[in-house]
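Enquirer: Attaching a single structure in structure tokens format; questions to follow.
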Amino acid sequence: MSTPQKRILVVDDAATVRMYHRSILEGAGFEVTEAINGIEALEKALTRPFDLYLVDINMPKQDGYAFLRELRKQDIPQTPAIMISTESESRDRSLAYVAGANLYLVKPIKPHELLANCRLLLGLAGGAE
Amino acid sequence: MAFVKRSQTTTVGQDERGYSRDFEGLCAELEAPNPTARRWAARDLAAHPGAAQVLIARLEVEPDAAVREAIMISLTEIGDAVTVQGLVKCLRSEDASLRNEAIEAMKHLPDTVAPVMAGLLADPEPDIRIFAVNVLESLRHPDVEQWLIEVISEDAHINVCATAVDLLGEVGTEAAVGPLEALKRRFPAEPYIEFAADLALRRIRDEG
Amino acid sequence: MSKLTISEEDFRKFREFFYRKTGIQFDGGKRYFVDKRLIERIEATGSESFRSYFTMLRFQASGEELQALTNAMTVNETYFFREEYQFECLVNSILPEIVKTKKPGSTIRIWSIPSSSGEEPYSIALYLTEFWKGIDSWDVELISSDIDTDILNKARNGKYSQRSIQHLPKDLLQRHFHKTGDGDYQISDDFRAAVEFTRVNLAEPADTRPYRGFDVIFCRNLLIYFDDLSRQKAAEVFFDALNPGGFICLGHSESMSRITSLFRVRKFPEAIVYQKPEAR
Ligand SMILES: C[S@@+](CC[C@H](N)C(=O)[O-])C[C@H]1O[C@@H](n2cnc3c(N)ncnc32)[C@H](O)[C@@H]1O
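Chains as they are written, first to last, in the numbering used here: chain X, 1 to 129; chain F, 1001 to 1208; chain Z, 2001 to 2280.
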């Protein structure tokens, strides 16, 4: 890739999930930062903006919805965000979109699925599979 | 204009608690229109062992996050069976933040949560089972590993197992090795399960 | 010379563990610092290897070693103009926002806890005097507290070693300090009179209950020593102590994100701080 390295913030309270996403995304040349809940994610996002947010819904202290709502409220441009949940009901899906998600994925996520969707939202070639 | 000092007594802020501090007074105050008054009532109710019921009932309708947080702290201090029942009810709430607050509170109550854990882990709703595993995360209880092993050996739902594997990486011992291997065979086409199980196995072997 | 070394794999394992426990994340650039402290603790505890030390660290019931290691991993000292960007934030961003909501003639109230030997509250007083125009038109009440009565006496006395004042600009030192016989520097009586020092245990509700109506709180390099529940209770104390719209500044390695969602994250050009929401 000749374009500057894209930066992705992975927000999940489960260490294994963060490491899984990190290994897939770093393997594809992205730069990855982790946050353990929505507030920490917001602090990191406000300190140095990212190109994409990968956000779990259920997290202690501040859940994914609240994080996205705050993120959209503060002076962050409309950076794409993927919301990730263990629940597939449409209730969560629509809540996620209302909170400002661009895409909603259900766990467990396959590596190619994660990469294709990240590339798609980042406007990189090879987005569709 | 400059730096000023007031006497200690005027430094002392006004205490909002200007009403009757007995149980009935506090319960009434928990419904007050002013959120600060409700927070103080929620806090002071921690000293009343029978207050769990009232606090839980308020939790379900309380709009103010700060009051909810005070209620949660008081509930963890009371920590009786009524509290745990109420928190379990919160796990079924539509409100994601209330669910997460309940999970946090339950983590602090190992002895009262333990008797209901088996039931939660067998709940027909996979989401409830996932929340139960979340509670195990910081529950200091000797049975945690055994519960997790049962989950990854028996639970049919992949995300419940996935959540349990994450924790086994932390608390797992030799006893978890066989069940982790079996889990990989049970979900052969799932890269996440393979990744998480291998990570847990590596940690257990490293420390064995 | 010590023969112990920390491998890359050890470092990564430790980093993740420590991050989970304390919220402090070391990047690769901190590797030397982390290795050095780790080796010191491994030796101090008589452990044979990183592995045996790490096992002890994780499973020790008392958590004593984790505390000792946390102490070693954090920089414990205090000094003038420490984390100066927050004082800049105070005068350039926070106070301008606060005074907008204040009636003329009312007092701006600042609480600095823990004070330690006083460098932090005196730095605030110096900053306000030197860099904030508002000091001419507003009254400021500055209260600073610590649990340790010896250190409070030291703070009231205001006498400091070379080491403590090394980050102070020379002209400021000249204007507001005088050299004592033993080569130390004592801050002028005006400043000693400007700060009210009080003894408070942040973890004791009876101590903190009178502290209300503050516009800004500094609580730097203390919460790091607390466990989860005590941190959460401390956050409650700050919430009660602040006026609606009031601000709280934490140390640079501390974050409300692991503690509570009571406060809003606010980004200013100089720093990230937390704000109590305005009354609804
Ligand atoms: C590292 S100093 C921080 C000083 C200063 N705020 C700074 O950041 O440079 C920590 C101080 O916390 C004080 N302390 C420890 N536990 C406390 C408690 N429960 N309540 C109040 N102060 C406490 C200690 O006495 C010590 O002076």
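Glycine residues also receive a C-beta, built at the ideal position from the N, C-alpha and C atoms.
Can you check whether the C-beta of residue 1023 of chain F is within less than 7 angstroms of a C-beta belonging to chain X?
Expert: So, not an interface residue.
Enquirer: Return the chain-ordered list of same chain residues with a C-beta closer than 6 angstroms to the C-beta of residue 6 of chain X, the five sequence neighbours on each side being excluded.
Expert: Within the same chain, residue 6 of chain X has close Cβ partners 30, 51 and 122.
Enquirer: For residue 129 of chain X, does the count of other Cβ atoms within 10 angstroms reach 16, so buried, or fall short, so exposed?
Expert: Since pLDDT at residue 129 of chain X reaches only 43, below the 50 mark, its modelled position is unreliable, and the value read off the structure follows with that caveat. Exposed is the call here.
Enquirer: May I have the straight-line CA-CA distance separating residue 2039 of chain Z from residue 1023 of chain F, to the nearest angstrom?
Expert: Taking the straight line joining both Cα atoms gives about 55 angstroms.
Enquirer: Against chain Z, does residue 76 of chain X count as a neighbour if the rule is that its beta carbon must be under 7 angstroms from one of theirs?
Expert: No, no contact with chain Z.
Enquirer: Give the C-beta separation of residue 2122 of chain Z and residue 2080 of chain Z to the nearest angstrom, bearing in mind that I take them to be a contact with Cβ-Cβ under 8 angstroms.
Expert: Contact holds; Cβ gap of about 7 angstroms.
Enquirer: Distance, Cα to Cα, residue 1049 of chain F vs residue 2236 of chain Z?
Expert: Taking the straight line joining both Cα atoms gives about 21 angstroms.
Enquirer: Per DSSP, which residues does residue 34 of chain X bridge with? Please list them.
Expert: DSSP output for residue 34 of chain X lists X:10 as bridge partner(s).
Enquirer: In chain Z, which residues lie less than 9 angstroms from residue 1005 of chain F when you measure between Cβ atoms?
Expert: In chain order: 2141, 2142, 2143, 2193, 2194, 2195 and 2196.
Enquirer: Mind checking which residues open and close the alpha helix (DSSP H) that includes residue 2267 of chain Z?
Expert: Looking at the DSSP string, residue 2267 of chain Z is not in any alpha helix (DSSP H); the run it does join, the beta strand (DSSP E), is 2264–2267.
Enquirer: Flag residue 1074 of chain F as yes if its beta-carbon sits less than 7 angstroms from any beta-carbon of chain X, otherwise no.
Expert: False, the Cβ-Cβ gap to chain X never drops below 7 angstroms.
Enquirer: So if I threshold CB-CB distances at 9 angstroms, which residues from the region 2229–2249 of chain Z count as touching chain F?
Expert: Within the region 2229–2249 of chain Z, the residues whose Cβ lies closer than 9 angstroms to some Cβ of chain F are 2229, 2232, 2233, 2235, 2236, 2239, 2240 and 2241, listed in chain order.
Enquirer: So, helix, strand or coil for residue 1011 of chain F, using DSSP?
Expert: Only weak support exists for where residue 1011 of chain F lies, its pLDDT of 42 falling under 50; the coordinates are left without a value.
Enquirer: Using 10 angstroms around the beta-carbon of residue 2218 of chain Z, count the other beta-carbons present and answer buried if the total reaches 16, otherwise exposed.
Expert: It is buried - the Cβ of residue 2218 of chain Z has at least 16 other Cβ atoms within 10 Å.
Enquirer: Could you confirm whether any beta carbon from chain Z is found closer than 7 angstroms to the beta carbon of residue 1012 of chain F?
Expert: Summary for residue 1012 of chain F: the model assigns pLDDT 42, below 50, so the residue's position carries little reliability; its value from the coordinates is reported in the next sentence. Interface residue, yes.
Enquirer: Along the region 2093–2111 of chain Z, where does the CB come closer than 8 angstroms to a CB of chain X? Name the residues.
Expert: If the cut-off is 8 angstroms between Cβ atoms, the region 2093–2111 of chain Z has nothing near chain X.
Enquirer: Would you kindly work out how many angstroms separate the C-alpha atoms of residue 2198 of chain Z and residue 2145 of chain Z, rounded to a whole number?
Expert: Between residue 2198 of chain Z and residue 2145 of chain Z, the C-alpha separation is close to 5 angstroms.
Enquirer: Helix, strand or coil for residue 72 of chain X, going by three-state DSSP, please let me know.
Expert: Here residue 72 of chain X sits in helix by DSSP.
Enquirer: Quick check: is the beta carbon of residue 73 of chain X nearer than 7 angstroms to any beta carbon in chain F?
Expert: Not one chain F Cβ lies under 7 angstroms of residue 73 of chain X.
Enquirer: Near residue 2239 of chain Z, which residues of its chain fall below 7 angstroms by C-beta distance, leaving aside the five closest residues on each side in sequence?
Expert: Taken in chain order, the residues that qualify are 2262 and 2276.
Enquirer: My output table needs one value for residue 2244 of chain Z: the three-state DSSP class, helix, strand or coil.
Expert: If DSSP states are grouped into helix, strand and coil, residue 2244 of chain Z belongs with the strands.
Enquirer: Identify every run of the alpha helix (DSSP H) within the region 1086–1111 of chain F, keeping only runs that are complete inside it and at least 4 residues long; order them along the chain.
Expert: Listed in chain order, they are 1096–1107.
Enquirer: Tell me the rounded alpha-carbon separation between residue 2265 of chain Z and residue 2048 of chain Z.
Expert: When rounded, the distance between both Cα atoms is 44 angstroms.
Enquirer: Taking 8 angstroms as the threshold, find out whether the region 2222–2236 of chain Z comes into contact with the region 1025–1037 of chain F through three or more Cβ pairs.
Expert: Touching, no.
Enquirer: Quick check: the Cα distance between residue 2129 of chain Z and residue 66 of chain X, rounded to an integer number of angstroms?
Expert: Their backbone Cα atoms lie some 40 angstroms apart in a straight line.
Enquirer: At 8 angstroms on the CB atoms, spell out the chain Z contacts of residue 5 of chain X, in chain order.
Expert: Here the premise fails: no neighbours, minimum Cβ distance about 16 angstroms.
Enquirer: Can you confirm whether residue 20 of chain X, when its beta carbon is compared against all beta carbons of chain F, has any partner nearer than 7 angstroms?
Expert: For residue 20 of chain X, the answer is yes, since a Cβ of chain F falls inside 7 angstroms of its Cβ.
Enquirer: Taking residue 2060 of chain Z as the reference, give the member of Z:2073, Z:2072 and Z:2045 with the closest Cα.
Expert: Residue Z:2045 is the option with its Cα nearest to residue 2060 of chain Z.
Enquirer: Secondary structure at residue 2079 of chain Z, three-state DSSP: helix, strand or coil?
Expert: In the structure shown, residue 2079 of chain Z sits in coil (DSSP, three-state: anything other than H, G, I, E or B).
Enquirer: Measure the C-alpha to C-alpha separation of residue 2201 of chain Z and residue 108 of chain X and round it to an integer number of angstroms.
Expert: Each residue's Cα considered, the two are about 47 angstroms apart.
Enquirer: Residues of chain X with CB under 7 angstroms from residue 1130 of chain F, in chain order?
Expert: Going along chain X in sequence order, the residues near residue 1130 of chain F (Cβ under 7 angstroms) are 86.
Enquirer: Please identify the residue among Z:2078, Z:2139, Z:2006 and Z:2097 whose C-alpha is closest to the C-alpha of residue 1004 of chain F.
Expert: The candidate whose alpha carbon is nearest that of residue 1004 of chain F is Z:2139.
Enquirer: For residue 1107 of chain F, count neighbouring Cβ atoms within 10 angstroms of its own Cβ and tell me buried if that reaches 16, exposed if not.
Expert: Classification of residue 1107 of chain F: buried, given that the 10 Å Cβ count is 16 or more.
Enquirer: Do you know offhand how far residue 2220 of chain Z's Cα is from residue 64 of chain X's?
Expert: Residue 2220 of chain Z and residue 64 of chain X: Cα-Cα distance of roughly 28 angstroms.
Enquirer: Since residue 1073 of chain F contacts residue 2233 of chain Z with CB under 8 angstroms, what's their CB separation in whole angstroms?
Expert: Residue 1073 of chain F to residue 2233 of chain Z, Cβ: 7 angstroms. Contact.
Enquirer: Would you kindly report the start and end of the unbroken alpha helix (DSSP H) that includes residue 2178 of chain Z?
Expert: No alpha helix (DSSP H) holds residue 2178 of chain Z; the beta strand (DSSP E) holding it covers 2177–2179.
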